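K.L.:
Handing you a structure now.
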Amino acid sequence: MATIMLGIESTAHTFGIGIVKDGKVLCNVREMYTTTTGGIIPMESALHHKNCSEAVFEKALTNASVKIEDITAIAFSMSPGLAPCLIEGMKFAKKKAKELAVPLIPVNHCVAHLEIGRITGAKDPVLLYASGANTQIIAYEAGKYRVFGETLDIGIGNFIDNFARFIGVGFPGGPKIQELAEKSDKNYIELPYSIKGMDVAFSGILTNLKQKFDKKEYKVEDLAYSLQETVFAMLVEAAERAIAHTGKNELLLGGGVACNTRLQEMCKIMCKERGCKFFVPSRDLLTDNGSMIAFTGEILFNNGEYVSVDKLDEVDINPRQRTDDVEIKYR
Ligand code: ATP
Ligand code: FE2
1072 MATIMLGIES TAHTFGIGIV KDGKVLCNVR EMYTTTTGGI IPMESALHHK
1122 NCSEAVFEKA LTNASVKIED ITAIAFSMSP GLAPCLIEGM KFAKKKAKEL
1172 AVPLIPVNHC VAHLEIGRIT GAKDPVLLYA SGANTQIIAY EAGKYRVFGE
1222 TLDIGIGNFI DNFARFIGVG FPGGPKIQEL AEKSDKNYIE LPYSIKGMDV
1272 AFSGILTNLK QKFDKKEYKV EDLAYSLQET VFAMLVEAAE RAIAHTGKNE
1322 LLLGGGVACN TRLQEMCKIM CKERGCKFFV PSRDLLTDNG SMIAFTGEIL
1372 FNNGEYVSVD KLDEVDINPR QRTDDVEIKY R
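Heads up: the sequence shown runs through residues 1072 to 1402, numbered per the working numbering.
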């Protein structure tokens, strides 16, 4: 019998529910907590999740044309993320699992960003995971998703958002910076280039950009353009090194920053030059979403990795779990 998996995402700003049946996404509903100034306040975001959870749940069932009693099991992101947000997601997941008397499947959010890439046809890729809080180059090796390279300070999305806030274009900054960059005459302004092996760093570049902006000598469009060209080149270089090191021949993009079409284009060029396949999921599956949690939950469930409804008390969140802490038993 086909499984109908409901997945709940709540790690940070997004509360999302997706429903997946046999690897196919039936719906992908979400509500995003936004702020006009400053970053996420975890307690506020958690309250947002709590307040919209029932409505998102109802909408997900409607959009998927699924009856509540048809749900086989419930997956939720148990790690990593902001503790208050994770707790709200878990509470909701447990409540529904109890009501429906179905198993619960805890899922690592970063692994889900990776697994959803299978929907594009990627089989054994190097993942360039570029989101708000995370920047990692990941690939499967010997029972785990190994982190081959990562940011040594802040995530690339937070870096872009921070600069965007500094120049007053608001949050999320990624799309705004991309728009500005597209308006530039492509006057490249030299910026620090910060990569060591497969690790990257952004805070020095951020300081440098802010100083350049304050000097008022440069067009903001050119700064945005140079920002993108510099940090995306760093990511592509790190990814290429990981591909060479692991001998894999697929590159997969994941995370919200992967929505950036210039980053996609640079990756495509590198892959073409190396004779490597390139995969990128659709936009609604790149940023945080419940479908990737459901998709990964289904893989775990089919492998017998779930918690039965009488053992829900044993399930907890893990805000700091790393991608390479997770044992991958289904591959
Ligand atoms: P995670 O918890 O996985 O680290 P997250 O919850 O912060 O991530 P995502 O939803 O995966 O985030 O990604 C959000 C980030 O994506 C934001 O920093 C946003 O600016 C960035 N982003 C969205 N669209 C674009 C774009 N076109 N170009 C660059 N960055 C983008
Ligand atoms: Fe994410």
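Idealized CB from N, CA, C, for every residue including glycine.
Given the structure is predicted, the values throughout are model-derived calculations rather than measurements.
Can you look up leucine 1077 in the DSSP assignment and give me helix, strand or coil?
P.N.:
Residue 1077 sits at position 6 when you count from the first residue of the sequence shown. The answer is strand: DSSP assigns leucine 1077 an E or B state.
K.L.:
Does DSSP put tyrosine 1296 in a helix, in a strand, or in coil?
P.N.:
Translated into the one-based positions of the sequence shown, residue 1296 becomes position 225. Here tyrosine 1296 sits in helix by DSSP.
K.L.:
Can you tell me whether DSSP reads methionine 1072 as helix, strand or coil?
P.N.:
Position 1 of the sequence shown holds residue 1072. If DSSP states are grouped into helix, strand and coil, methionine 1072 belongs with coil.
K.L.:
In the DSSP assignment, what residue or residues form a beta bridge with glycine 1325?
P.N.:
Along the sequence shown, one-based indexing puts residue 1325 at 254. For glycine 1325, which the question treats as bridged, DSSP gives the partners Tyr1200.
K.L.:
Exposed or buried, what is proline 1263 when buried is set at 16 or more other beta-carbons lying within 10 Å of its beta-carbon?
P.N.:
Against the sequence shown, residue 1263 aligns to sequence position 192. Label assigned to proline 1263: exposed.
K.L.:
Going by beta carbon distance, what residues of the same chain come within less than 6 angstroms of cysteine 1342, once the five residues before and after it are set aside?
P.N.:
The residue labelled residue 1342 in the question sits at position 271 within the sequence shown. Only Leu1322 and Phe1349 meet the Cβ criterion.
K.L.:
Which residues, in chain order, sit with a beta-carbon under 5 angstroms away from any heavy atom of ligand 2?
P.N.:
The filter returns Ser1202 and Asp1359, in chain order.
K.L.:
Hey, out of Phe1242, Asp1387 and Arg1312, whose CA is closest to phenylalanine 1219's CA?
P.N.:
For the purposes of this step, residue 1219 is taken as residue 148 along the sequence shown, with counting starting at 1. Of the listed residues, the one whose Cα sits closest to phenylalanine 1219 is Arg1312.
K.L.:
Excluding the five sequence neighbours on either side, which residues of its own chain have a C-beta within less than 8 angstroms of the C-beta of serine 1274, listed in chain order?
P.N.:
In the sequence shown, the residue the question calls residue 1274 occupies position 203. Here the set comprises Asp1224, Ile1225 and Phe1230.
K.L.:
Would you mind listing the alpha helix (DSSP H) stretches within the region 1167–1215 that are 4+ residues and don't spill past its ends, in chain order?
P.N.:
1180–1186
K.L.:
Say yes only if the C-beta of valine 1100 is nearer than 8 angstroms to one or more non-hydrogen atoms of ligand 1, and no if none qualify.
P.N.:
Taking the sequence shown and counting its residues from 1, one reaches residue 1100 at position 29. Result no, Cβ not under 8 angstroms from ligand 1.
K.L.:
Over what stretch of residues does the beta strand (DSSP E) that includes leucine 1097 continue unbroken?
P.N.:
Here residue 1097 corresponds to residue number 26 of the sequence shown, with the count starting at 1. Unbroken beta strand (DSSP E) run through leucine 1097: 1095–1103.
K.L.:
Determine the DSSP secondary structure at glutamate 1363, reduced to helix, strand or coil.
P.N.:
By 1-based counting over the sequence shown, the position of residue 1363 is 292. Position check: residue 1363 holds methionine in this sequence, whereas glutamate was assumed. Note: methionine 1363 maps to helix in three-state DSSP.
K.L.:
Per DSSP, what kind of secondary structure is glutamate 1221 in: helix, strand or coil?
P.N.:
Here residue 1221 refers to the residue found at position 150 when the sequence shown is read from its first residue. Glutamate 1221 falls in the strand class under three-state DSSP.
K.L.:
If you follow the alpha helix (DSSP H) that methionine 1032 is in, where does it begin and where does it stop?
P.N.:
Lying outside 1072 to 1402, the shown extent of the chain, residue 1032 is not represented and no answer is given.
K.L.:
So, with DSSP's three-state summary, where would you put phenylalanine 1273?
P.N.:
Taking the sequence shown and counting its residues from 1, one reaches residue 1273 at position 202. In the structure shown, phenylalanine 1273 sits in coil (DSSP, three-state: anything other than H, G, I, E or B).
K.L.:
Report the residue from Ala1329, Thr1301, Arg1354 and Ser1150 whose alpha carbon sits nearest the alpha carbon of threonine 1394.
P.N.:
Here residue 1394 refers to the residue found at position 323 when the sequence shown is read from its first residue. Measuring from the Cα of threonine 1394, the nearest candidate turns out to be Ser1150.
K.L.:
Thinking isoleucine 1090 and methionine 1076 are a contact (beta carbons under 8 angstroms), I'd like their distance in whole angstroms, please.
P.N.:
Translated into positions along the sequence shown, residue 1090 becomes position 19. Translated into positions along the sequence shown, residue 1076 becomes position 5. Yes, they are in contact, since the Cβ atoms of isoleucine 1090 and methionine 1076 sit about 7 angstroms apart, within 8 angstroms.
K.L.:
Is glycine 1244 close to ligand 1? I mean its beta-carbon at under 8 angstroms from any heavy atom of the ligand.
P.N.:
For the purposes of this step, residue 1244 is taken as the residue at position 173 of the sequence shown. Yes, ligand 1 has a heavy atom inside 8 angstroms of this Cβ.
K.L.:
Under 8 angstroms: does the beta carbon of glutamate 1229 sit that close to some heavy atom of ligand 1?
P.N.:
If you number the sequence shown from 1, residue 1229 lands on position 158. Reading off the sequence, residue 1229 comes out as asparagine, not glutamate. Answer for asparagine 1229: yes, Cβ within range of ligand 1.
K.L.:
Please tell me whether, using a cut-off of 8 angstroms, the distance from the CB of cysteine 1338 to the nearest non-hydrogen atom of ligand 1 is below it.
P.N.:
Looking up residue 1338 in the sequence shown gives position 267. Not under cutoff, so the answer is no.
K.L.:
Could you check whether the Cβ of aspartate 1396 sits closer than 8 angstroms to any heavy atom belonging to ligand 1?
P.N.:
Within the sequence shown, the letter at position 325 stands for residue 1396. No, Cβ of aspartate 1396 sits at least 8 angstroms from all heavy atoms of ligand 1.
K.L.:
Go through the region 1239–1274 residue by residue and report every complete run of the alpha helix (DSSP H) that reaches 4 residues or more, in order.
P.N.:
1244–1254
K.L.:
Apply the 10 Å Cβ neighbour rule to glutamate 1221 and answer buried if 16 or more other Cβ atoms are within range, or exposed otherwise.
P.N.:
Counted from its first residue, the sequence shown places residue 1221 at position 150. Buried is the call here.
K.L.:
For ligand 1, I want to know if isoleucine 1209 counts as a neighbour, meaning its beta carbon is within less than 8 angstroms of at least one of the ligand's heavy atoms.
P.N.:
Translated into the one-based positions of the sequence shown, residue 1209 becomes position 138. Outside the cutoff, so no.
K.L.:
Measure the C-alpha to C-alpha separation of histidine 1316 and aspartate 1396 and round it to an integer number of angstroms.
P.N.:
Taking the sequence shown and counting its residues from 1, the one referred to as residue 1316 is at position 245. Taking the sequence shown and counting its residues from 1, the one referred to as residue 1396 is at position 325. If I take the Cα positions, the gap works out to 21 angstroms.
K.L.:
Taking DSSP as the reference, what is the three-state secondary structure of isoleucine 1112?
P.N.:
For this step, residue 1112 is matched to residue 41 along the sequence shown. Looking at isoleucine 1112 - three-state DSSP - the assignment turns out to be coil, as it is neither helix nor strand.
K.L.:
How would you call isoleucine 1145, buried or exposed, if buried means at least 16 neighbouring beta carbons within 10 angstroms?
P.N.:
Along the sequence shown, one-based indexing puts residue 1145 at 74. Under the 10 Å beta carbon count, isoleucine 1145 is surrounded by 16 or more other beta carbons and is classified as buried.
K.L.:
Would you call the CB atoms of glycine 1241 and alanine 1083 closer than 9 angstroms?
P.N.:
The count along the sequence shown starts at 1 and reaches residue 1241 at position 170. The count along the sequence shown starts at 1 and reaches residue 1083 at position 12. Cβ distance not < 9 angstroms, so glycine 1241 and alanine 1083 don't count as in contact.
K.L.:
Evaluate the contact criterion for the region 1162–1171 versus the region 1352–1370: three or more CB pairs, one atom per stretch, below 8 angstroms.
P.N.:
Flag = no, the region 1162–1171 and the region 1352–1370 do not touch.
K.L.:
Closer than 8 angstroms: is that where the CB of glycine 1078 sits relative to any heavy atom of ligand 1?
P.N.:
As a first step, residue 1078 is located in the sequence shown; it is residue number 7 there, counting from the start. No, Cβ of glycine 1078 sits at least 8 angstroms from all heavy atoms of ligand 1.
K.L.:
Pull up the CB-CB distance for glycine 1244 and alanine 1252, whole angstroms please, since I reckon it's below 8 angstroms.
P.N.:
Numbered from 1 along the sequence shown, position 173 holds the residue referred to as residue 1244. Numbered from 1 along the sequence shown, position 181 holds the residue referred to as residue 1252. Going by Cβ atoms, the distance from glycine 1244 to alanine 1252 rounds to 12 angstroms, so no, they are not a contact pair.
K.L.:
Closer than 6 angstroms by C-beta to threonine 1191: which residues in its own chain qualify, once you throw out the five before and the five after it? Chain order, please.
P.N.:
By one-based count along the sequence shown, residue 1191 stands at place 120. Counting only Cβ-Cβ distances below 6 angstroms, and skipping sequence neighbours, we find Phe1350 and Pro1352.
K.L.:
Would you say asparagine 1331 touches ligand 1, meaning its beta carbon is less than 8 angstroms from a heavy atom?
P.N.:
Taking the first residue of the sequence shown as 1, we reach residue 1331 at position 260. True, at least one ligand heavy atom lies under 8 angstroms from that Cβ.
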